Every structure is written in structure tokens, then in C-alpha cells.
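The numbering of the sequence shown is the numbering used here, which starts it at 259 and goes up by one.
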Amino acid sequence: MKLLYTIKPYLLGLLITLLLASCAKENEEFIFVHKSNMITQMTCKASHSGGEFRGEIYEFNKEGKLMEASATQGELEGGYGLILFPISATLAKDIDLTSIYLKATVTYDELITPSLSGRHNISGDGIIITVTSGERTKRQYRIRGYFE
């Protein structure tokens, strides 16, 4: 019986050693952090059940030059974006630009501040949001709606 009590601590130590040794180590090859801090698409709606309007996205480099749609992340670094929602003037009575729902398409590790939850006022000068990449680089976008 005495032998049984002296074996238990050794078995417990062996079990803990085996468990710790079998834990997977972090492999840097499987960590994906994106540099992208760009919005690829944005839509707005006047209500949850209403129709969507797709924004026109304009990207500018750090010198303020309007870039082509095929511009790379490197060419756009340090710049900013402008997203415009041209809405037909015939809908001016039905759509209140001071109370709009927004939805953006970004990669999985981008963060938008302030949040796009709730309603937003995109009339006049609109709003400015910041998109932060997984690598913590930032890009600002001005979002504005108008009737044409």
C-alpha cells in the first residue's frame, strides 16, 4: 500500500510532462496579418427593408493624386479615400441622408472606427471613418451622400 502512494506523484508528474510536451507550438507560417486598410465596397440604405445604394470609391495616394482602381496597397499607403453616394433627386422625399445605414466590405482583420453600427449622417460634408489594418496601419475615408 505504501508503494502505491509513492508511485502516484511520479505518475502525476509524468502525465503533466506528457500533456505539456504535446501542446502545439505557434507556427509563424500560419499567422496571417494583412496590410490592407482599404474598403473594397460600401453600400447604404435608408431603412433595413429599403433598397441599397452602392458607393463610388475614390482612392488617393499620399500626395493627394487620384489613383486608378488597379492601384496596389503600396501605391496607396499614406493616402486617403472618398466614398460618394449619388442618389437620384426623385428620392429626396423618401431618403433622409441624416439617418442612413452603412455597410462596408473589408478583409477579416481590419477594424473600422467609429463603428458603422446604427444610423449615420452622410449629408453635407459627411462623416470620416478610420480603417486600421491587422498591422495597425491606418487609412481615413470621408463618406458623403448627395442628391443629383
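Cβ atoms here follow ideal geometry from the backbone N, Cα and C, with glycine treated the same way.
Given the structure is predicted, the values throughout are model-derived calculations rather than measurements.
Check: State the DSSP-derived secondary structure class of Leu371, mapped to helix, strand or coil.; Outcome: Here residue 371 turns out to be Thr, not Leu, going by the sequence shown. Strand.
Check: Can you give me the C-alpha to C-alpha distance between Ser346 and Asp352, rounded to a whole angstrom?; Outcome: 11 Å
Check: Is it true that the CB of Gly384 sits closer than 8 Å to the CB of Arg397?; Outcome: no
Check: Smallest Cα separation from Glu393: which of Gln331, Glu406, Asp354?; Outcome: Gln331
Check: Do the CB positions of Ser307 and Thr365 come within less than 8 Å of each other?; Outcome: no
Check: Just list the residues that DSSP pairs Gln299 with in beta bridges.; Outcome: Thr363
Check: Do three or more CB pairs link the stretch 365–374 to the stretch 335–349 at distances below 8 Å?; Outcome: no
Check: With DSSP collapsed to three states, give me the class of Glu393.; Outcome: coil
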